[in-house]
Each structure stands twice: as structure tokens, then as C-alpha cells.
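Student: Residue numbers (our numbering): 12 to 108.
Cβ coordinates follow ideal geometry from the N, Cα and C atoms, glycine included.
Quantities reported herein were computed from a predicted structural model and do not represent experimental measurements.
As C-alpha cells, then:
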């Protein structure tokens, strides 16, 4: 059931233009209805092709990497897994592609 709720949050995010931070906050709100021992990790990313920017929130997931040719950039985690601390202040990261 939690997976279905998370999928719906992502479906709603596109047309609404939500930032990764807003998407994560919606998931946090939905996860409050589930037992505290249920944690989830994930990375939410929004790419804006024109200026070539990438915005992201990493909620306790292993670090993501951007690979271009021989160049590798690491996107650091910006917070802890969802539901560990309900009011944790996740931050958004951004980079230029």
C-alpha cells in the first residue's frame, strides 16, 4: 500500500511541477500512516533540460553518481531515510549537467 501511495505522489509531481523537496515532504506525510519501523530510502531527481540543471533530494540512499565520459561526480546524501525522524529537515542539492 505504501508503494502505491509513493507512486501516486510521483504521478502528481510531474504536472504540478513539484521540486524534489516537495515530493519528499509529500511522501513523508503519507508515511506517517504506517508503523515507524517501516523506513524507506530513495533519491528524487528533477532534470531541467534547457539550462541542464539537476535538482535532487537523497533520503538515506547510497550516493548517486553522474558519469560523463571519464568524469564521475558524486551526489552526496542530503538526509536520512524517510520515517526515521518525522520532522527531519532534508535539503535539496543541485548541479549543472
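Can you give the beta carbon distance from residue 69 to residue 86, rounded, assuming they're within the 8 Å contact cut?
Tutor: Sure, about 7 Å apart at Cβ, within 8 Å.
Student: Restricting to Cα atoms, I'd like to know which of 29, 34 and 26 is closest to residue 16.
Tutor: For residue 16, the nearest C-alpha among the options comes from 34.
Student: Per the DSSP calculation, residue 64 is bridged to which residue(s)?
Tutor: Paired residues: 59 and 107.
Student: If contacts are defined as beta-carbon pairs under 8 Å, then residue 50 and residue 94 qualify, I think. What distance do you get, rounded to the angstrom?
Tutor: Their Cβ separation, rounded to whole angstroms, is 5 Å, which keeps residue 50 and residue 94 in contact under 8 Å.
Student: Taking the beta strand (DSSP E) that residue 78 falls in, what are its first and last residues?
Tutor: Here the beta strand (DSSP E) through residue 78 covers 75-79.
Student: Once you ignore the five residues that flank residue 107 on each side, which residues in its own chain have a CB closer than 7 Å to its CB?
Tutor: Here the set comprises 63 and 64.
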